[in-house]
Structures are given as structure tokens and as C-alpha cells.
Amino acid sequence: MTILAAVDGEYDEDPVVRTGFELATAHDEPLAVIHVMTNEEFADRQDSTPDYYLENAEETARSLARRITRGTLGAIGDTEFHGEVGPVAETIIDVAHEIDASYIVVGGPRRSPVGKALFGSTPQTVLMDAERPVVSVKEEGEVWEEEE
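Counting in the numbering used here, the sequence shown runs from 927 upward without gaps.
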């Protein structure tokens, strides 16, 4: 099995990667890091760069996951990287299923309670819909775990 850490690209050093690495080490499992580019971001990039294809977007997302991992851990070791395009929460869950992840690690919700109620959040969707344990890392570094 594998620990899947999902990064959003907002930080050069990400507590999600650090927590994923700690879980992978504790459980003697490999670490995989994923970044999902939204369909909207992909469309915007295609509009500004006509020769920007799905393969380019996936490599861009994979490179971002690699850069954040290196920035967080100082090295990437045997880490597996995934770059995807699509609806973020659903894609994370799909990849977790494909690689048979034992845990999914996501960042905590950063929206206000009203924003979450109106628009939902990626971490909330992953927590609710994943059929495997999810670890959500708050910005302050607090960690809690929820199993379905």
C-alpha cells in the first residue's frame, strides 16, 4: 500500500507532505504526492498557450508536486508523483483507489464556515467520500484522522 499526500501548490514547504512522509515512514510504506490542476486552470492555460495539451498540464502538476516535496523534505527519495487534471476531490479519491492508498493526507479547509456551507471544500469532500482513512492537516499543524 501507499500513503497519498495531496498538495494544492500554495506553499513551497507543505505540512501535508511532511505528515505523509511521517505516516509512510511509520507504516513502512511508499509515499506518493499528487497535485490536481482544475479543469478551469487547464482551460485558462490552453487559452493563453495554444500548444498546451493535457500531457503538458499533467507534467506541470507532477513537477509542482515534486518541487513541493523537495522543498519540504529536502530530497524526494523514492517518492512517486502524480499530476492530474480534473475535479480535485474526485481525482484524489480516484488515484487513491488506483494505487490502493492506505491513507490520504489532505490540507485542512481554509474557508470560513459560511464559504464551506455555500461552496464545499476539497478536504471536506475527500473526508466524506473516500473509502479509506483520511488525515486532514490544519494550517496550524494540528492533525486529526477520520475513518469511514
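Ideal Cβ placement from N, Cα and C applies to all residues, glycine included. Given the structure is predicted, the values throughout are model-derived calculations rather than measurements.
Given residue i, which residues of its chain have a CB within under 6 Å of its CB, disregarding the five upstream and five downstream residues?
{"i": "L957", "result": "I929, G946, F947, A950, T1005"}
{"i": "V1032", "result": "A932, P1049, V1052, S1062"}
{"i": "T1017", "result": "V962, E1010"}
Taking the alpha helix (DSSP H) that residue i belongs to, which residues open and close that run?
{"i": "T951", "result": "941-953"}
{"i": "E1079", "result": "It is not possible to answer for residue 1079, since the shown part of the chain is limited to 927 through 1074."}
So, with DSSP's three-state summary, where would you put residue i?
{"i": "S1062", "result": "strand"}
{"i": "K1042", "result": "The predicted model places K1042 with a pLDDT of 48, which falls under 50 and marks its position as unreliable; any figure quoted below should be read in that light. Correct three-state label for K1042: helix."}
{"i": "V1069", "result": "Residue confidence is low: V1069 scores 46 on pLDDT, short of 50, so the model does not pin down where it sits. No coordinate-derived value is stated."}
{"i": "S974", "result": "helix"}
{"i": "A899", "result": "Outside the displayed span of the chain (927 to 1074) sits residue 899, for which this structure offers no information."}
CB residue i to CB residue j, shorter than 8 Å?
{"i": "A991", "j": "V933", "result": "yes"}
{"i": "I994", "j": "Y937", "result": "yes"}
{"i": "A1056", "j": "A1001", "result": "no"}
If you follow the beta strand (DSSP E) that residue i is in, where does it begin and where does it stop?
{"i": "A931", "result": "928-932"}
{"i": "E1057", "result": "Taken as a continuous stretch (DSSP letters only), E1057 belongs to no beta strand (DSSP E), as it is neither H nor E."}
Which residues in the same chain as residue i place their Cβ atom closer than 8 Å to its Cβ, once the five residues preceding and following it in sequence are excluded?
{"i": "G878", "result": "Nothing about residue 878 can be read from this structure; the chain reaches only from 927 to 1074."}
{"i": "E985", "result": "G1009"}
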